[in-house]
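Report on the following structure.
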Amino acid sequence: MGTVAGLLLGAGLLLVWLSCWPRHSGPRPRSRWRERTQDLLVRAGAPGVSPGRLVAASTALAAVVLLITLGATASPPIAACFGLIAAGVPAMVVKARARRRQVELRSVWPEVVDDLISAIRAGLSLPEALTSLGERGPVELRPQFRRFADDYRVTGRFAESLDRLKAHLADPVADRIIEALRITQEVGGSDLVRLLRTLGRLLREDLRTRGELEARQSWTVGGARLATAAPWAVLLLLSGRPETAAAFNTALGVLVLASGAVVSGIAYALMVRLGRLPEEARVLR
């Protein structure tokens, strides 16, 4: 009887202790890595791909390359090196595609701003101005604005439709335009046209400056990438010879491969950081 009473007393004290801590019933906050990766996938034109699928694709590609290289060279260290290189290929492809699409979109945002100014000065409401971009806006952005138009027709909620449009675009320039429209819709104001005109001028100046800088440093970045990939291309060509595989199967060979991988990784990271222009972050997410 005393044991039962002790258990009941302990359970009661545990429940009282748990009641002192607030429970978070809402969704868990997403990690910074998942947010950045999802934005990257959206900018690359693959919004339906999740970060988990990207990791799964990288793992599968690494396993396939590892098995193929191991069968061709009979050298586990060499196969492991090329498996690690293959694991980073999907992320590199996504980043390159996102960067290329961002450059393309950067050149059409001034046109979007001009179309919005024309629509607003013509007397259209803000939802109608955004909807018109799905028919008369830049071709690259028409699908996103058509999706906004369909969503607004179904829900009739301008703020929620703007949030979904921001998620579909995942672009810092789009964030600034959308937040300006949201503030004007909620509190009113007559300076929206002036604000958009100033934003369009800044975007054109930024586009011109970036074009000049990228044209000057493109050959430097290309040369750095070639210098980083050249040793591994030579290793791939020589790995088919039995004496090469035997040399790298030793402890000294593993040390050489590990040192080369570390140096190549550091050199590539420094090249990417030093040779790329800073990108604007999404502060109005």
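Sequential numbering of the sequence shown, starting at 5, is according to the working numbering.
Ideal placement from N, C-alpha and C gives every residue a C-beta, glycine not left out.
Same chain, Cβ closer than 6 Å to alanine 123, five either side skipped, listed in chain order: Ala133 and Ser136
Same chain, Cβ closer than 8 Å to valine 98, five either side skipped, listed in chain order: Leu44, Leu45, Ala48, Ala50 and Leu58
Simplified DSSP state of aspartate 175, which is helix, strand or coil: coil
Cβ separation of glycine 141 and valine 116, assumed to be a contact under 8 Å, to the nearest whole Å: 6 Å
Spatial distance of arginine 180 from alanine 91 (CA atoms): Taking the straight line joining both Cα atoms gives about 35 Å.
Arginine 105 - DSSP class collapsed to helix/strand/coil: Of the three classes helix, strand and coil, the one that applies to arginine 105 here is helix, per DSSP.
Completely contained alpha helix (DSSP H) runs for the segment 80-130, where each covers 4 or more residues: 80-91, 93-110 and 113-125
Limits of the alpha helix (DSSP H) - the one that leucine 230 falls within: 196-242
Start and end residues, alpha helix (DSSP H) containing valine 68: 55-77
Threonine 135 - DSSP class collapsed to helix/strand/coil: The answer is helix: DSSP assigns threonine 135 an H, G or I state.
Cβ separation of isoleucine 121 and arginine 201, assumed to be a contact under 8 Å, to the nearest whole Å: 6 Å
Separation of aspartate 118 from alanine 126, as counted between CA atoms: Here the alpha carbon of alanine 126 sits roughly 12 Å from the alpha carbon of aspartate 118.
Counted within 10 angstroms of its Cβ, other Cβ atoms place glycine 87 as buried (16 or more) or exposed: buried
Between the CA atoms of leucine 211 and serine 111 - distance to the nearest angstrom: 7 Å
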